[in-house]
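Start counting the sequence shown at 1; every next residue gets the next number (full-length UniProt numbering).
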Amino acid sequence: MDTNTTCCVAGGGPAGMVLGLLLARAGVDVVVLEKHGDFLRDFRGDTVHPSTLDVLDEAGLGARFAALPHRKIDRLTMVADDGERRLVDLRTLPGRHPYIAMVPQWDFLAMLAEEAARLPGFTLLMNAEATGLLRDGDRVAGVRYRDADGAEHRIRALLTVAADGRHSTLRRASGLRLREFGAPMDVAWFRMPRRDADRDDSFLRISAGRLMAVINRTSYWQMGYLLPKGGYERVRAAGAAELRRQVVDLLPFLADRIDGLDLDAVRVLDVRVDRLRRWHRPGLLCIGDAAHAMSPIGGVGINLAVQDAVAAANLLYEPLRRGAVTSGDLAAVQRRRARPTAVVQRVQIALQNLLVRPTLRGEQPGVLRLARTLPSLPVLPRLAARMVGYGPRPEHVRVPDDAAAARLRAPSA
1 MDTNTTCCVA GGGPAGMVLG LLLARAGVDV VVLEKHGDFL RDFRGDTVHP STLDVLDEAG
61 LGARFAALPH RKIDRLTMVA DDGERRLVDL RTLPGRHPYI AMVPQWDFLA MLAEEAARLP
121 GFTLLMNAEA TGLLRDGDRV AGVRYRDADG AEHRIRALLT VAADGRHSTL RRASGLRLRE
181 FGAPMDVAWF RMPRRDADRD DSFLRISAGR LMAVINRTSY WQMGYLLPKG GYERVRAAGA
241 AELRRQVVDL LPFLADRIDG LDLDAVRVLD VRVDRLRRWH RPGLLCIGDA AHAMSPIGGV
301 GINLAVQDAV AAANLLYEPL RRGAVTSGDL AAVQRRRARP TAVVQRVQIA LQNLLVRPTL
361 RGEQPGVLRL ARTLPSLPVL PRLAARMVGY GPRPEHVRVP DDAAAARLRA PSA
């Protein structure tokens, strides 16, 4: 089956859903392809930062988002063997949202999908896996996708957007080249039960040779155990008992519930830091993780992806409505977003070198010494809060709420 649309977006993650919603608001016909049948995947990023919360306000979705179950984090703490240190205090930020909202990504995406579905120009196809590109000479002319029954379909589009993640099928098909920066760690994700008597915050636990992110998800702890790159095979070989011993050694308060931890419940994130040298080809644009895979440091992945989507919508809605998107239009998106992406990645790489590498080698990282000086240098926590909360170039919604696109579908539609 062949269909036609103005913009086809591969990937129903934060970047793809925000871009599809904003373009549909501006009167552009959009089809978003999501390869899964729902948004329920464990261990997707769930940190929604002030920059994204501002975007939701500007798009008229702030109240809807606030109604989702979520926790607010306004301080980031490092717990070392010799005490605790405050790294970032988001309460110093100006604006309506001096905090990070921790919300399950599936709830966030479902909200975006429901809002976008009310716009007449928006179509979301679930169980639709992008498998390749259509071409018209040198120009990308659309997408091939496979449905849940294995049937092949084609969508022809004026613009195709690859928002299909760090292992992007469409990026690979395009031949665009990655610049890879490497990462010293992988992350083993698992859950532990949480009790009312436990501490209330989220924190980073650091000790010689070990790092653990401990995230309060109200009813459970989301644990992110940082391991040397490729090191999870050694964990598996040592067995669940050894993993339990290491977790309790770092976090003794979990001793009364550690017996439930099993290796089958552990999921491993292959940490990558990379970005495309060129984000586009004629008829094709890459955004989000498809353009730049981020380290989990700082939890900024969702927010960089959303910023890409907002910038792309701002710059491309008019060319899309005119029916002519040039390579110059696509290059403008890369110019807008490449520098802030590179700045954030440099900060992440610096923290990998200053914190992660020495810690995993069993050394005391220099970051601990720096953390001791932060109280006497109040400007540094404020700068850190600004970088974590907003990044170097926060985007704002400039897409009009077109009168035709704003007419909501009847409830029965």
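We treat Cβ as the ideally placed atom computed from N, Cα and C, and that holds for glycine.
**Asked** With contact counted as at least three CB pairs below 8 Å, one residue from each stretch, are the segment 344 to 364 and the segment 208 to 216 in contact?
**Response** yes
**Message:** Looking at the strands, I want to know which residues DSSP matches up with Tyr390.
**Reply:** Working through the sequence shown from its first residue, we reach residue 390 at position 390. When DSSP reads this structure, Tyr390 sits in no beta bridge, so it has no partner.
**Prompt:** So residue 478 and Glu115 are in contact, right, with Cβ under 8 Å, and what is the actual spacing, rounded?
**Reply:** Residue 478 is absent from the structure shown; the chain starts at 1 and stops at 413.
**Message:** Measuring straight from C-alpha to C-alpha, what distance separates Ala350 and Tyr220?
**Reply:** In the sequence shown, the residue the question calls residue 350 occupies position 350. In the sequence shown, the residue the question calls residue 220 occupies position 220. If you take the alpha carbons of Ala350 and Tyr220, they lie about 31 Å apart.
**Request:** Could you tell me which uninterrupted alpha helix (DSSP H) segments, each at least 4 residues in length, are contained entirely in the segment 138 to 185, listed from first to last along the chain?
**Result:** 169 to 174
**Prompt:** For Arg166, is the classification buried or exposed, using 16 other Cβ atoms within 10 angstroms of its Cβ as the cut-off for buried?
**Reply:** Reading the sequence shown from its first residue, position 166 is the one you call residue 166. Arg166 comes out buried.
**Prompt:** So, is Pro296 buried or exposed, given that buried needs 16 or more other C-beta atoms within 10 angstroms?
**Reply:** Here residue 296 is taken as the residue at index 296 of the sequence shown, counted from 1. It is buried - the Cβ of Pro296 has at least 16 other Cβ atoms within 10 Å.
**Request:** Report all residues from its chain with a CB closer than 6 Å to the CB of Leu125; omit the five preceding and five following residues, and keep chain order.
**Result:** For the purposes of this step, residue 125 is taken as the residue at position 125 of the sequence shown. Excluding the 5 residues flanking it on each side, Leu125 has same chain C-beta neighbours closer than 6 Å at Leu33, in chain order.
**Prompt:** Which residues in the same chain as Leu21 place their Cβ atom closer than 8 Å to its Cβ, once the five residues preceding and following it in sequence are excluded?
**Reply:** Against the sequence shown, residue 21 aligns to sequence position 21. Contacts found: Ala59, Leu112, Glu115, Ala116, Leu119 and Phe122.
**Request:** Please work out which residues of its chain come closer than 6 Å, Cβ to Cβ, to Asn4, disregarding the five sequence neighbours upstream and downstream, and give them in chain order.
**Result:** Taking the sequence shown and counting its residues from 1, the one referred to as residue 4 is at position 4. Only Arg156 meet the Cβ criterion.
**Item:** Sheet register partners of Leu125 (DSSP bridge)
**Value:** The residue you call residue 125 lines up with position 125 of the sequence shown. DSSP lists Leu33 as partners of Leu125.
**Where the beta strand (DSSP E) containing Val88 begins and where it ends** = As a working note, residue 88 is residue 88 in the sequence shown. For Val88, the uninterrupted beta strand (DSSP E) run begins and ends at Gly83 to Asp89, by DSSP.
**Message:** Quick check: what's the CA-CA separation for Ala305 versus Val30?
**Reply:** The residue you call residue 305 lines up with position 305 of the sequence shown. The residue you call residue 30 lines up with position 30 of the sequence shown. Their backbone Cα atoms lie some 18 Å apart in a straight line.
**Cβ contact (3+ pairs, closer than 8 Å) linking the segment 263 to 279 and the segment 168 to 185** = yes
**Item:** Rounded C-alpha distance that separates Asp262 from Arg281
**Value:** Translated into the one-based positions of the sequence shown, residue 262 becomes position 262. Translated into the one-based positions of the sequence shown, residue 281 becomes position 281. Between Asp262 and Arg281, the C-alpha separation is close to 46 Å.
**Item:** Limits of the unbroken beta strand (DSSP E) element including Tyr220
**Value:** For the purposes of this step, residue 220 is taken as the residue at position 220 of the sequence shown. Taken as a continuous stretch (DSSP letters only), the beta strand (DSSP E) holding Tyr220 covers Tyr220 to Pro228.
**Asked** Which residues does DSSP pair with Thr5 in a beta bridge?
**Response** By one-based count along the sequence shown, residue 5 stands at place 5. Thr5 is bridged to Ala157.
**Request:** Just confirm the distance between the C-beta atoms of Val356 and Met387, as a whole number of angstroms; I'd bet it's less than 8 Å.
**Result:** Numbered from 1 along the sequence shown, position 356 holds the residue referred to as residue 356. Numbered from 1 along the sequence shown, position 387 holds the residue referred to as residue 387. Wrong, their Cβ atoms sit about 18 Å apart, outside the cutoff.
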